[in-house]
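Heads up, the thing below is written out as structure tokens.
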Amino acid sequence: MSAHVEAARAWIAQDPDAVTREELTALVTRVEDGDAEASADLDDRFATRLAFGTAGLRGTLGAGPNRMNRVLVAQAAAGFAAYLAERADGATPTVVVGYDGRRNSDVFARDSVEIFAGAGLNAILLPRLLPTPVLAFAVRHLGADAGVMVTASHNPPDDNGYKVYLGGDDRGAQIVSPADAEIAAHIQRIADVGNVTTLPRSVGYANAPESLVEAYVAATAAVAPAPAGADGLRWVYTAMHGVGWETVSRVLSEAGYPSPVLVEAQIHPDGRFPTVAFPNPEEPGAMDLAFETARAADAELIIANDPDADRLAVAIPDADAEGGWRRLTGNEIGLLLGWRAARQAAEARDADTPPADDENPDAGATASLACSLVSSPGLQAVAEHYGLAFHSTLTGFKWISRAPGIVFGFEEALGYLVNPGTVRDKDGISAAIALLGMAAEARGQGRTVADLLQEFRDTFGAFASDQISVRVTDVSEIGGIMASLRSQPPSAVGEVAVTRIDDLLEGVDGFPPGDVLRLWLEDGSRLIVRPSGTEPKLKLYLDVRGSSAKKAGRRLAALRAGAEELLASVR
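Each residue of the sequence shown is one higher than the one before, starting from 1 at the first, in the UniProt record's numbering.
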């Protein structure tokens, strides 16, 4: 019998959710009847708890401390409230809470604001389910001390999460160390008391006004008002069963863009995500309905957001691609948007225009472009071309958004920060508007997004990237692979010699320590290996540069073959 039966009974006694109470009660009964499978399930739920880190909380819905549920969220909210009160040094902190369309997101959000209010904080709830970028905007717009977004972004349907932002000197960015450990310690103290029913609650929280959403819409529309070439633009939009469309439609109207053809089956929020295996535009098959819609509409462009609309995917017609459409890689989109931002920053510098972000203490710093270390090195080439600074960071916008003087940042996983004066996080809506602006301007010149990509290659060189993603059922396998690569570092990848290996656990190049290996090859190629921060995956990132797209493609194919051989040898 599982050793965690008594802990499960104590959990049931404090759980306010009838569904998870019944779920856990039934599981305990099965354990007591000698069901070995149930015993293993109970052990998995109670042997540990979901760790609170720089990504907040994220996990599968269900009962127990190693799942996302109302008890865990209550503990997190009470712990975060204690952290904010301690940090405020006698003042009354303000915290704003948002939520998306996933299962229980609204319940977790209301639990949170009631506990924040019960702890004496000024608690504000967004008016309805809204995209994550609106919450990130709200933290700055309201001058809040903190924000919480209940979302699991593009994770599988049974997941949910709790993302935390800080105001003040953090300027509405996601938390970084040591804040994560300090918050986690407060949460653990609450959990150790063992009964969330004793936490004070209050319905004396405020509901954010509609004017807040209107302010986000106005700021986002101003990123790229529609140029003349937008007239008649035929394009397709999908919200991937998420919360993006209502806000996107308002931004499009204000910015002056034509309405898209909608992927109707995916346009309304639905936490079941019925038409996709994974609600992530990067996953195979996720954009098939968008491609089908685009073919029927004879469209010129596809724009997709993930379920909480903090990511952007783009697809263009391509006669060589299966079905006639090709999704651009995150690096291709990032380089196009970075090129746009660099031109604007250089023009502003030459015109001596004051920076847009008056609250930014780094406003006097050289305007910079930033991307995660696993994203394309092409962004550095763009920055150097325009005389801008460049910063490479650890993965995650909690790091990218803190780059001094940032005017644009991205990571290859479809995340783009194009409007740092108002949103210090990735924002799939403002990125969509910026990309639409580029596409419409090119259209007015008789060109396409494909032509813009070719112009980029002609100007900066052909950068090509690829990724190998290995999903595992046992997360310890990932640790084993990383340990093998460290204990027996490869001398070559395929037929190309490795000239240097950077182990970021040792804090290379000023990076905070991280579980990342970066291999530099003799021909200038780069291979990076790291565990995913949000999913049970090992990721390998491949980057090459060539004098032409064909040469870069051949070099990339060889690097991929070598990386797959290397991976097979250590699994």
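Backbone N, C-alpha and C define an ideal beta-carbon position, used for all residues, glycine too.
What are the boundary residues of the alpha helix (DSSP H) that includes Gly330?
Sequence index remark: in the sequence shown, residue 330 carries index 330 (1-based). Looking at the DSSP string, the run of the alpha helix (DSSP H) that includes Gly330 is Gly330 to Asp350.
Is it buried or exposed for Ala3, if we count other Cβ within 10 angstroms and need 16 for buried?
Taking the first residue of the sequence shown as position 1, residue 3 is located at position 3. With fewer than 16 other Cβ atoms within 10 Å, it is exposed.
Distance between Pro274 and Ile267 (C-alpha atoms, nearest Å):
Taking the first residue of the sequence shown as position 1, residue 267 is located at position 267. Taking the first residue of the sequence shown as position 1, residue 274 is located at position 274. Rounded to whole angstroms, Ile267 to Pro274 spans 12 Å at the Cα level.
Between Glu347 and Leu388, what straight-line distance do the alpha-carbon atoms span, to the nearest angstrom?
In the sequence shown, counting from the first residue as 1, residue 347 sits at position 347. In the sequence shown, counting from the first residue as 1, residue 388 sits at position 388. Glu347 and Leu388 have their C-alpha atoms roughly 12 Å apart.
Taking the beta carbon of Arg457 as the centre, do at least 16 other beta carbons fall within 10 Å, making it buried, or is it exposed?
Here residue 457 refers to the residue found at position 457 when the sequence shown is read from its first residue. Flag for Arg457 reads buried.
Going straight from the alpha carbon of Asp358 to that of Gly421, what length do you get?
Translated into positions along the sequence shown, residue 358 becomes position 358. Translated into positions along the sequence shown, residue 421 becomes position 421. Confidence in Asp358 is poor, its pLDDT being 46 and thus under 50, which makes the residue's placement too unreliable to answer from.
For the putative contact between Arg526 and Asp543, defined by C-beta atoms under 8 Å, what is the C-beta separation to the nearest angstrom?
Taking the sequence shown and counting its residues from 1, one reaches residue 526 at position 526. Taking the sequence shown and counting its residues from 1, one reaches residue 543 at position 543. Rounded, the Cβ-Cβ distance is 5 Å, consistent with contact.
Using beta-carbon positions only, say whether Val164 and Gly34 come within less than 8 Å of one another.
As a working mapping, residue 164 is identified with position 164 in the sequence shown. As a working mapping, residue 34 is identified with position 34 in the sequence shown. One thing to note: Val164 has its Cβ no nearer than 8 Å to the Cβ of Gly34.
Sub-8 Å separation of Leu521 and Thr499 beta-carbons
Along the sequence shown, one-based indexing puts residue 521 at 521. Along the sequence shown, one-based indexing puts residue 499 at 499. For Leu521 and Thr499, yes; Cβs fall inside 8 Å.
Cβ neighbours of Gly428 in the same chain (closer than 6 Å, five flanking residues each side left out)
By 1-based counting over the sequence shown, the position of residue 428 is 428. Asn305, Ala309, Asp310, Arg311 and Leu312, listed in sequence order.
Check whether the segment 68–86 and the segment 137–148 touch, using three or more Cβ-Cβ pairs below 8 Å as the test.
Touching, per the Cβ criterion.
Are there 16 or more other CB atoms within 10 angstroms of the CB of Asp169, so buried, or fewer, so exposed?
Counted from its first residue, the sequence shown places residue 169 at position 169. It is exposed - the Cβ of Asp169 has fewer than 16 other Cβ atoms within 10 Å.
On the CB-based measure, 16 or more other CB atoms within 10 Å of its CB, does Asp159 come out buried or exposed?
The residue labelled residue 159 in the question sits at position 159 within the sequence shown. It counts as buried.
DSSP state of Ile267, grouped into three classes?
As a working note, residue 267 is residue 267 in the sequence shown. DSSP places Ile267 in coil when its eight states are reduced to three.
Taking only runs that begin and end inside the segment 103–170, name each unbroken beta strand (DSSP E) of 3 or more residues, in chain order.
Within the segment 103–170, the complete beta strand (DSSP E) segments of 3 residues or longer fall at 122–125, 146–150 and 159–166, listed in chain order.
Are at least three pairs of beta-carbons, each pair with one atom in the segment 274–283 and one in the segment 121–140, less than 8 Å apart?
They do not touch, by the three-pair rule.
In DSSP terms, what Ala237 is bridged to:
The count along the sequence shown starts at 1 and reaches residue 237 at position 237. Correcting the residue type first, residue 237 is Tyr in the shown sequence and not Ala. DSSP output for Tyr237 lists Leu262 and Ile303 as bridge partner(s).
Any idea if Thr94 is buried or exposed, counting beta-carbon neighbours within 10 angstroms, 16 or more meaning buried?
For the purposes of this step, residue 94 is taken as residue 94 along the sequence shown, with counting starting at 1. The C-beta of Thr94 has 16 or more other C-beta atoms within 10 Å across all chains shown, which makes the residue buried.
The alpha helix (DSSP H) with Ser476 in it runs from where to where?
Taking the sequence shown and counting its residues from 1, the one referred to as residue 476 is at position 476. Segment Ser476 to Ser487, the alpha helix (DSSP H) holding Ser476.
Taking the alpha carbon of Ser372 as the point to measure from, which residue in Phe408, Tyr386, Gln344 and Glu384 has its own alpha carbon closest?
Against the sequence shown, residue 372 aligns to sequence position 372. Closest option to Ser372, Cα to Cα, is Phe408.
Local Cβ density within 10 Å of Ser491, reported as buried at 16 or more and exposed below that
Numbered from 1 along the sequence shown, position 491 holds the residue referred to as residue 491. Exposed.
If we ignore side chains and look at the alpha-carbon of each, how far apart do Gly98 and Ala208 end up?
Locating residue 98 in the sequence shown gives position 98, counting from the first residue. Locating residue 208 in the sequence shown gives position 208, counting from the first residue. A straight-line Cα-Cα distance of about 10 Å links Gly98 and Ala208.
Which residue from Val71, Trp399 and Leu436 puts its Cα closest to that of Arg424?
The residue you call residue 424 lines up with position 424 of the sequence shown. Relative to the Cα of Arg424, the nearest Cα in the group Val71, Trp399 and Leu436 belongs to Trp399.
By the three-class DSSP mapping on this structure, what secondary structure does Pro361 have?
Indexing the sequence shown from 1 puts residue 361 at position 361. Bear in mind that the predicted position of Pro361 carries a pLDDT of just 47, short of 50, making it unreliable; the figure below should be weighed with that in mind. Per DSSP, reduced to three states, the secondary structure at Pro361 is coil, with no helix or strand assignment.
Using the rule of at least 16 other Cβ atoms within 10 Å of the residue's Cβ for burial, across every protein chain shown, is Asn69 buried or exposed?
In the sequence shown, residue 69 corresponds to position 69, counting from 1. By the neighbour-count rule (16 or more Cβ atoms within 10 Å), Asn69 is buried.
Residue from Ala319, Ala383 and Arg295 with nearest C-alpha to Leu337
Locating residue 337 in the sequence shown gives position 337, counting from the first residue. When C-alpha distances from Leu337 are compared across Ala319, Ala383 and Arg295, the shortest belongs to Ala383.
Closest to Tyr162 by C-alpha separation, out of Val193, Val113 and Val223, would be which residue?
Taking the first residue of the sequence shown as 1, we reach residue 162 at position 162. It is Val113.
Under 7 Å Cβ to Cβ from Arg21, same chain only, skipping five residues before and after it: list those, please.
For the purposes of this step, residue 21 is identified with residue 21 of the sequence shown, where counting begins at 1. Excluding positions up to five away in sequence, the list reads Ile12 and Asp15.
Hey, could you find the ends of the alpha helix (DSSP H) Gly190 is sitting in?
Along the sequence shown, read from residue 1 onward, the residue named residue 190 stands at position 190. The residue asked about is misnamed: residue 190 is Ile in this sequence, not Gly. Ala179 to Val193 is the span of the alpha helix (DSSP H), which, as asked, contains Ile190.
Going by DSSP, name the residue or residues bridged to Val470.
Taking the sequence shown and counting its residues from 1, the one referred to as residue 470 is at position 470. Answer is Leu538, bridged to Val470.
Inter-residue Cα distance where the pair is Ile175 and Thr54
Residue 175 sits at position 175 when you count from the first residue of the sequence shown. Residue 54 sits at position 54 when you count from the first residue of the sequence shown. So the two alpha carbons sit approximately 6 Å from each other.
Taking buried to mean at least 16 other C-beta atoms within 10 Å of its own C-beta, is Ala40 buried or exposed?
Locating residue 40 in the sequence shown gives position 40, where the first residue counts as 1. In this structure Ala40 is exposed. Its beta-carbon is surrounded by fewer than 16 other beta-carbon atoms within 10 angstroms.
Looking at Leu435: is its Cβ nearer than 8 Å to the Cβ of Leu379?
By one-based count along the sequence shown, residue 435 stands at place 435. By one-based count along the sequence shown, residue 379 stands at place 379. Leu435 places its beta carbon 8 Å or farther from that of Leu379.
Can you look up Ala230 in the DSSP assignment and give me helix, strand or coil?
Residue 230 sits at position 230 when you count from the first residue of the sequence shown. In this structure, Ala230 counts as helix in the three-state DSSP scheme.
Excluding the 5 residues preceding and the 5 following Leu61 in the sequence, name in chain order all residues of the same chain whose CB lies nearer than 8 Å to its CB.
As a working mapping, residue 61 is identified with position 61 in the sequence shown. Result list for Leu61: Arg67, Met68, Asn69, Arg103, Asn104, Asp158, Asp159 and Asn160, in chain order.
Quick one, which of Met438, Thr393 and Glu264 has its alpha-carbon nearest Ile333's?
One-based indexing of the sequence shown puts residue 333 at position 333. Put simply, of Met438, Thr393 and Glu264 the residue whose alpha carbon is nearest the alpha carbon of Ile333 is Met438.
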